[in-house]
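**Q** Quick note on numbering: the numbering used here labels position 12 of the first sequence as 195, and the sequence is numbered without any gaps. We treat Cβ as the ideally placed atom computed from N, Cα and C, and that holds for glycine. Being a predicted model, the structure only gives us computed values, none of them experimental.
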Amino acid sequence: MLDIKRIRTEPDAVKSALTKRDPEAAATIDDLLTMDADRRKRLTEIETLKAEQNRFNPQIAAIKKAGGDATELLAQSAQIKAQIAGLEGGVRESDAMQIAALSKLPNLPADDVQAGGESDAVEIAGLSRPLREFDFPPKPHWEICETHRLVDFERGTKLSGSGFVIYTGVGARLQRALISFMLDTHVSTHGYTEIGLPYALTRESVTASGHIVKFAPEMYHDAESDLFFLPTAEPALVNIHRGEILPPGALPLKYTAHTPCWRREAGAAGKDTRGLQRIHQFDKVELFRYVLPEDSETALAEMTNEACALLDALEIPYRLLRLAAGDISFAAAKTIDIEAWSPGMGKWLEVSSASNCTDFQARRADIRFRREATAKPEFPHLLNASGLALPRVVSALLETHQNADGTVTVPAPIRPYLGGLAVIG
RNA sequence: GGAGUGGUGGCUGAGUGGUCGAAAGCGACGGUUUGCUAAACCGUUGUAGGCCUUAAAAUCUACCUCGGGUUCGAAUCCCGACCACUCCGCCA
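#1: Report all residues from its chain with a CB closer than 6 angstroms to the CB of I378; omit the five preceding and five following residues, and keep chain order.
#2: If you check the beta carbons only, do A416 and T385 fall under 7 angstroms apart?
#3: List the endpoints of the continuous beta strand (DSSP E) containing A308.
#4: Name the two residues that bound the continuous beta strand (DSSP E) containing Q464.
#5: Going along the chain, which residues of its own chain have a beta-carbon closer than 7 angstroms to the beta-carbon of S363, five neighbours each way excluded?
#6: List in chain order: all unbroken beta strand (DSSP E) runs of 3+ residues lying wholly within the stretch 497–561.
#7: So G527 and H331 are supposed to be a Cβ contact under 8 angstroms. How far apart are they, rounded?
#8: Using 10 angstroms around the beta-carbon of E469, count the other beta-carbons present and answer buried if the total reaches 16, otherwise exposed.
#9: Taking 7 angstroms as the cut-off, decide whether the C-beta atoms of A496 and P596 are in contact.
#10: What would DSSP say about F167, mapped onto helix, strand or coil?
#11: Quick one: which unbroken alpha helix (DSSP H) runs of 4-plus residues sit fully inside the stretch 186–272? Chain order, please.
#12: List the endpoints of the continuous alpha helix (DSSP H) containing H324.
#13: Of the residues F513, E555 and K530, which one's Cα is nearest the Cα of R547?
#14: So within the stretch 378–438, which uninterrupted alpha helix (DSSP H) runs reach at least 4 residues, ignoring any that extend past its ends?
#15: Contact between the stretch 202–217 and the stretch 279–286 is defined here as three or more beta-carbon pairs at a separation below 8 angstroms; is this criterion met?
#16: Over what stretch of residues does the alpha helix (DSSP H) that includes F355 continue unbroken?
#17: Please say whether A490 and G570 have beta carbons closer to each other than 7 angstroms?
#18: Between which two residues does the alpha helix (DSSP H) carrying S578 extend?
#19: Would you call P563 buried or exposed, if buried means 16 or more other Cβ atoms sit within 10 Å of its Cβ?
#20: Any contact between the stretch 188–207 and the stretch 507–524? By contact I mean 3 or more CB pairs, one from each, below 8 angstroms.
#21: Run through DSSP, which three-state label would T442 get?
#22: Helix or strand or just coil, what does DSSP make of E488?
#23: Should A558 and C540 be called a contact, given that it needs their Cβ atoms to be closer than 7 angstroms?
#24: Are the stretch 298–311 and the stretch 249–258 touching, with three or more C-beta to C-beta distances below 8 angstroms?
#25: Please confirm whether L342 and W524 have their CB atoms less than 7 angstroms apart.
#26: Compare the beta carbon distance of A537 and A587 with 7 angstroms and say whether it is the shorter of the two.
#27: If we ignore side chains and look at the alpha-carbon of each, how far apart do A249 and Q242 end up?
#28: Tell me which residues share the same chain as P400 and place their Cβ nearer than 6 angstroms to its Cβ, disregarding the 5 neighbours each side in the sequence.
#29: Using three-state DSSP, classify D478 as helix, strand or coil.
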């Protein structure tokens with residue numbers, strides 16, 4: 184949620200920032216300001232009347248206590264009450280309209296984010312390591328998976344329909360090894376606190392994080408209990424501190440969590456769906472930080488590096504993209520994508536997305552902090568990054584480290600998690 | 001799932017229709033005292049919004065889990081939701 188005061192005081196700056204990502208949203212600002220002025224006018228009127236009415240109460244009390252007759256005052260008070268009742272509906276309506284209009288506006292893109300859409304992403308760092316040169320045609324991961332029985336695609340479909348897979352044997356173990364490796368690295372090396380989360384959230388929670396807007400058609404939902412299954416750990420990690428005022432010294436908070444993520448992938452059928460590329464349920468390790476506003480720029484860079492460190496350790500080449508304003512998610516001011524190279528498919532796979540949501544999510548979820556015990560509460564900046572999404576890492580790993588004889592060399596850092604296994608095959 | 005009890009400020013805990021935004025204690029913050037620490041003493045101590053503003057102060061409104069209702073007036077009465085605790089049942 185954007186700050187209405189900021190829109191009021193610097194409407195032009197807000198409009199021009201918004202135009203970079205969504206000209207239609209920018210065009211609603213003038214209407215919003217008109218609504219806001221109207222709302223405040225009504226508020227003032229009604230508050231003045233309430234003050235007037237409140238003045239009667241002690242008088243009535245005094246007369247009654249003295250045993251007098253308060254009929255006249257009661258009549259006056261009733262008259263004002265009627266006036267208030269007449270105005271109240273209007274105020275409520277203006278309030279609701281303003282919140283609705285404000286809720287539809289996405290975050291303002293950061294200054295260094297370029298305008299444009301999906302095709303306007305900018306590569307911001309060279310390749311992390313040279314792409315491996317193969318002296319044989321590298322196979323796609325689904326073939327490798329079938330050869331070594333790492334994933335059972337057919338039976339996954341049998342159990343839960345298309346888009347669900349069963350990891351089997353070394354495949355299941357490999358995934359668990361990667362999860363442990365990632366979590367351990369974030370906890371031990373990067374200083375995060377590990378969190379074990381519920382996998383379903385109430386409507387209130389997904390609304391507070393803004394995900395109901397962005398993910399509504401994507402989320403699996405249990406109608407009976409009105410719970411939403413995580414499309415990512417992010418909404419859960421935002422809601423941990425919903426409605427709280429964090430005490431001085433609490434920031435930064437650094438959380439990491441492994442969760443399954445469920446996405447309907449509505450409308451995506453047929454596109455990039457082969458193998459593990461796009462499945463309805465996948466595992467992910469998430470990084471999340473609550474930081475001081477002045478630290479969020481640095482934090483985003485750090486979190487990107489923390490995700491990259493994992494790929495470096497696994498010897499998987501990747502590149503970094505700064506997304507254009509029109510392509511970043513609703514709550515984000517800036518997003519960096521990390522794409523790993525998939526030699527078997529010959530394309531880049533998004534394995535992480537790191538976003539600085541500035542104060543947008545914090546305002547919406549009413550999360551604040553104090554710098555000093557007596558200071559006014561302020562909104563912290565919230566950031567999230569995948570670190571990393573499992574199926575695509577598994578794909579890239581298998582394809583990158585496959586050998587001519589069909590075996591796969593296991594990268595050194597995860598061998599301890601696989602009982603010392605050095606080669607799959 | 002059935003029965004009961006209850007949800008008050010950072011915490012504990014008073015308050016059952018009228019100057020209650022809410023006693024008291026603890027904590028926190030500022031100060032006095034002090035060689036230092038502690039103790040003692042004095043003071044301050046919620047949030048949001050409106051108005052006015054360069055800003056603050058002052059002032060007004062709302063908030064005693066949340067949402068409705070009764071009343072001139074609600075922390076207090078009524079209804080609903082959510083949550084917690086106790087007992088019974090069921091269960092990994």
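**A** So, from the data block:
#1: Locating residue 378 in the first sequence gives position 195, where the first residue counts as 1. Counting only residues of its own chain and dropping the five nearest sequence neighbours on each side, I378 has a CB closer than 6 angstroms to the CB of Y438 and A440.
#2: As a position in the first sequence, residue 416 is number 233, starting the count at 1. As a position in the first sequence, residue 385 is number 202, starting the count at 1. No, these two residues do not count as a Cβ contact at 7 angstroms.
#3: Translated into the one-based positions of the first sequence, residue 308 becomes position 125. Start and end: V305 to A308.
#4: Here the question's residue 464 lines up with position 281 in the first sequence. Q464 to V474 is the extent of the beta strand (DSSP E) around Q464.
#5: Counting from one through the first sequence, the residue named residue 363 turns up at place 180. Answer for S363: Y600, listed in chain order.
#6: As far as the stretch 497–561 is concerned, its whole beta strand (DSSP E) runs of at least 3 residues are 501–505, 517–525 and 530–539.
#7: Within the first sequence, numbered from 1, the residue matching residue 527 stands at position 344. Within the first sequence, numbered from 1, the residue matching residue 331 stands at position 148. At roughly 14 angstroms, the Cβ-Cβ gap does not stay under 8 angstroms, so G527 and H331 are not in contact.
#8: Indexing the first sequence from 1 puts residue 469 at position 286. Classification for E469: buried.
#9: Residue numbering aside, residue 496 sits at position 313 when the first sequence is read from its first letter. Residue numbering aside, residue 596 sits at position 413 when the first sequence is read from its first letter. In this structure, the beta-carbon distance from A496 to P596 falls below 7 angstroms.
#10: Any property of residue 167 remains undetermined from this structure, which presents the chain solely from 184 to 608.
#11: Annotation: the stretch 186–272 contains the following complete segments of the alpha helix (DSSP H) (minimum length 4 residues), in chain order: 187–192, 194–204, 206–210 and 212–248.
#12: Translated into positions along the first sequence, residue 324 becomes position 141. First-last of the alpha helix (DSSP H) with H324: H324 to T330.
#13: Here residue 547 corresponds to residue number 364 of the first sequence, with the count starting at 1. The shortest Cα separation from R547 among F513, E555 and K530 belongs to F513.
#14: Whole alpha helix (DSSP H) segments, 4+ residues: 386–391, 394–398 and 417–422.
#15: Cβ pair count under 8 angstroms is three or more, so yes.
#16: In the first sequence, counting from the first residue as 1, residue 355 sits at position 172. In the sequence as displayed, the identity of residue 355 is Ala instead of Phe. Run containing A355: V353 to D367, per the alpha helix (DSSP H) assignment.
#17: Numbered from 1 along the first sequence, position 387 holds the residue referred to as residue 570. Numbered from 1 along the first sequence, position 307 holds the residue referred to as residue 490. Yes, the pair counts as a contact, with Cβ atoms nearer than the cut-off.
#18: Numbered from 1 along the first sequence, position 395 holds the residue referred to as residue 578. From DSSP, the alpha helix (DSSP H) with S578 extends over L573 to T583.
#19: One-based indexing of the first sequence puts residue 563 at position 380. By the neighbour-count rule (16 or more Cβ atoms within 10 Å), P563 is buried.
#20: Counting C-beta pairs with one atom in each stretch, the stretch 188–207 and the stretch 507–524 have three or more that are closer than 8 angstroms, which means they touch.
#21: For the purposes of this step, residue 442 is taken as residue 259 along the first sequence, with counting starting at 1. Here DSSP, grouped into helix, strand and coil, assigns T442 to strand.
#22: Locating residue 488 in the first sequence gives position 305, counting from the first residue. Residue identity differs from the one stated: residue 488 is Asn in this sequence, not Glu. In the three-state DSSP reduction, N488 falls in the helix class (H, G or I).
#23: For this step, residue 558 is matched to residue 375 along the first sequence. For this step, residue 540 is matched to residue 357 along the first sequence. No, they are not a contact pair.
#24: Short answer: they don't touch.
#25: Along the first sequence, read from residue 1 onward, the residue named residue 342 stands at position 159. Along the first sequence, read from residue 1 onward, the residue named residue 524 stands at position 341. Contact: no.
#26: Taking the first sequence and counting its residues from 1, the one referred to as residue 537 is at position 354. Taking the first sequence and counting its residues from 1, the one referred to as residue 587 is at position 404. Taking 7 angstroms as the Cβ cut-off, A537 and A587 do not qualify as a contacting pair.
#27: For the purposes of this step, residue 249 is taken as residue 66 along the first sequence, with counting starting at 1. For the purposes of this step, residue 242 is taken as residue 59 along the first sequence, with counting starting at 1. Answer to the nearest angstrom: the Cα atoms are 11 angstroms apart.
#28: To locate residue 400, count along the first sequence from 1; it is residue 217. Answer for P400: A449, listed in chain order.
#29: For the purposes of this step, residue 478 is identified with residue 295 of the first sequence, where counting begins at 1. Shown here, D478 sits in a helix according to DSSP, grouped into three states.
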